[in-house]
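This report concerns only the one structure given below.
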Amino acid sequence: MISLSQAVVTYVLLLWIVSLSDGMPDPAQREMLMHQEASRQTGGQVMLTAAEQRLDAYLHHLKKQEMSAALFPPALHFFKAKPLIQKSAIFRLLQKMPKGAALHIHKSSLVSADWLVKNATYRPNCYICFTWDHSVRFLFSERQPFPRWDCFYWQLLRNLRAQAEDLTKFDNSLMQHLTLFTGDPDTAYPSQDIVWEKFEKVFIAAAGLLMHAPVLRDYFYKGLEELHQDNIMYLELRSGLSRTYELDGTIHDKIWTLKMFQEVTKKFTAEHADFLGARIIISVHRALSVSEVKAAVKEAIQMQKDFPDVVAGFDMVGREDSGRPLWYFREALSLPSDLGVTLPYFFHAGETDDEGTDVDQNILDALLFNTTRIGHGYALAHHPVAKELSRKGNVAVELCPISNQVLKLVSDLRNHPAAILMSEGHPMVISSDDPSLFGTTGLSYDFYQAFVGIGGLKANLGTLKELAVNSFR
207 MISLSQAVVT
217 YVLLLWIVSL
227 SDGMPDPAQR
237 EMLMHQEASR
247 QTGGQVMLTA
257 AEQRLDAYLH
267 HLKKQEMSAA
277 LFPPALHFFK
287 AKPLIQKSAI
297 FRLLQKMPKG
307 AALHIHKSSL
317 VSADWLVKNA
327 TYRPNCYICF
337 TWDHSVRFLF
347 SERQPFPRWD
357 CFYWQLLRNL
367 RAQAEDLTKF
377 DNSLMQHLTL
387 FTGDPDTAYP
397 SQDIVWEKFE
407 KVFIAAAGLL
417 MHAPVLRDYF
427 YKGLEELHQD
437 NIMYLELRSG
447 LSRTYELDGT
457 IHDKIWTLKM
467 FQEVTKKFTA
477 EHADFLGARI
487 IISVHRALSV
497 SEVKAAVKEA
507 IQMQKDFPDV
517 VAGFDMVGRE
527 DSGRPLWYFR
537 EALSLPSDLG
547 VTLPYFFHAG
557 ETDDEGTDVD
567 QNILDALLFN
577 TTRIGHGYAL
587 AHHPVAKELS
597 RKGNVAVELC
607 PISNQVLKLV
617 SDLRNHPAAI
627 LMSEGHPMVI
637 SSDDPSLFGT
647 TGLSYDFYQA
657 FVGIGGLKAN
667 LGTLKELAVN
677 SFR
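In structure tokens, the structure reads:
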């Protein structure tokens, strides 16, 4: 953050330099300007110890090597870049680094697809249905499930595996329904519409596994475990709350799910003293009506009152470009203020490259509704007033670089607009959005893309420290 006094000093210095710039500029003045710019970037005010300075010099050396390579990972689609990143010495250092908190991850993509297939679908009584639109549905049942509109024929997975000639190939085919990862992403996803269509199919497919209460309980624990293995200390999970079921037909309500999440978190923190906890940001889809969102906001207010250590706040999710803008829901989103209560908002906003549309105004509207953070904020650099307001209010952008690339907002991460925000020291945290869909776990891959690709050679160890610390502010 740049103070008013710093800005005034810089302005005065610039006037002085310009007034003296007849002929050859003074190298000392040039050095001073470069120092001023460096001090403004993310981490520019962070003081490094002697040991940290040596590590920083080593990181800079490694980064120069990677940037001069024939294939530069941030310039490639992540699905092609992943094996290159895994070989990176910088990436291996980032894996070991404490990364603070993961503040933007969705429930249905928290845990690796590998675990869903090799654990959840191997459980007894797991049925599968292959749908007309080339997707799948899952269901746990003690008897043959009845046909329904989207699934006419359910098959027991145990029987299908017994008939499979190649079990690994069969499981890999299931995994393709639970992730976007593919060897040829340009052919598979030629447009935003097509990649988003597959994206939403994956969420629907995973929901069939996660609605089974025993799976969901183990899934939450596994999710915390995968984050902890990546040196993450805290989680805020965006999650819709739906009913879950047991094999005997017992139906659990939303309150049960909150209590179960609370129990799992307490168990995990008791077993891992360096993990600080996890909370839920209750999320509803922007395709709902105003009255439905109003009811959801009212419910979230009560849930946060009853479970303050579990419920962090409220968000609206789903593709912004095809959904309704935040302003459409202003009556519902004004409800906490009308009732004189507090419900923190954590709005997705600016996950678009369509400038000037109603959806493009979500950035401003999120700030008008006092959002605590801005989810994605891809369009923020094009909104100078919103950018200034969020900086002054210390409203951090939740930067999810891999998500923005896979969902086709940007192809070469060196061109990501967050490079502007990072150069200005805008409040920012790094997160992974939907790690299982992108073939990742934790935050290390996104930290790599932000540090090496978006930050470039200017980003240093101070940048990494500030990004981690920002996640706890």
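Once you know that position 167 of the sequence shown is 373 in our numbering, the rest is easy, because the numbers rise by one and skip nothing.
Ideal Cβ placement from N, Cα and C applies to all residues, glycine included.
Item to check | ILE569 vs GLY581 beta-carbon contact at 8 Å | outcome: no
Item to check | Three-state secondary structure (DSSP) of ARG620 | outcome: helix
Next on the checklist: Quick check on MET486: buried or exposed, where buried means 16 or more other Cβ atoms within 10 Å of its Cβ?
Outcome noted: Sequence check: residue 486 is Ile here, not Met. When all chains shown are included, ILE486 counts as buried.
Item to check | Exposed unless 16 or more other CB atoms sit within 10 angstroms - verdict on LYS375 | outcome: exposed
Item to check | Whole-Å CB distance - SER629 paired with LYS664, under 8 Å assumed | outcome: 7 Å
Checklist entry - What span of residues does the beta strand (DSSP E) with ASP521 cover, start to end? => result 517 to 523
Checklist entry - To which residues does DSSP link TYR427 through a beta bridge? => result Answer is none; TYR427 lacks a bridge partner.
Item to check | Same chain, Cβ closer than 7 Å to LYS671, five either side skipped, listed in chain order | outcome: GLY249 and VAL252
Next on the checklist: Our contact map puts LEU309 next to ARG579 with C-beta atoms below 8 Å; I'd like the distance itself, whole angstroms only.
Outcome noted: 7 Å
Checklist entry - Considering only the beta carbon of each residue, do ILE334 and GLN361 sit closer than 8 Å? => result yes
Checklist entry - In its own chain, which residues sit with a C-beta less than 6 Å from the C-beta of ALA319, not counting the 5 before and 5 after it? => result MET381, LEU384, THR385 and SER642
Item to check | Neighbour-count burial assignment, HIS358, 16 or more Cβ in a 10 Å radius | outcome: Looking at the sequence provided, one finds Phe at residue 358 rather than His. So PHE358 ends up on the exposed side.
Checklist entry - What does a CB cutoff of less than 7 Å around LEU254 pick up in its chain, not counting 5 residues either side in sequence? => result ASP262, LEU667 and GLY668
Checklist entry - GLU604 bridges to which residues according to DSSP? => result GLY581 and VAL635
Checklist entry - How is ILE487 classed by DSSP in three states: helix, strand or coil? => result strand
Checklist entry - Under the rule that 16 or more other beta-carbon atoms within 10 Å means buried, what is HIS241, buried or exposed? => result exposed
Item to check | N-terminal and C-terminal residue of the alpha helix (DSSP H) that HIS310 is part of | outcome: It is not in any alpha helix (DSSP H) - HIS310 instead sits in the beta strand (DSSP E) that spans 307 to 312.
Checklist entry - How long is the line joining the alpha carbons of VAL658 and VAL547, rounded to whole angstroms? => result 43 Å
Next on the checklist: Does THR563 come out as helix, strand or coil in the three-state DSSP assignment?
Outcome noted: coil
Item to check | Contact the stretch 317 to 332 vs the stretch 606 to 626: 3+ CB pairs below 8 Å | outcome: no
Next on the checklist: On the DSSP bridge list, what partners appear for TYR440?
Outcome noted: ALA307 and GLY483
Checklist entry - Taking the alpha-carbon positions, what's the CYS332 to LEU415 distance? => result 9 Å
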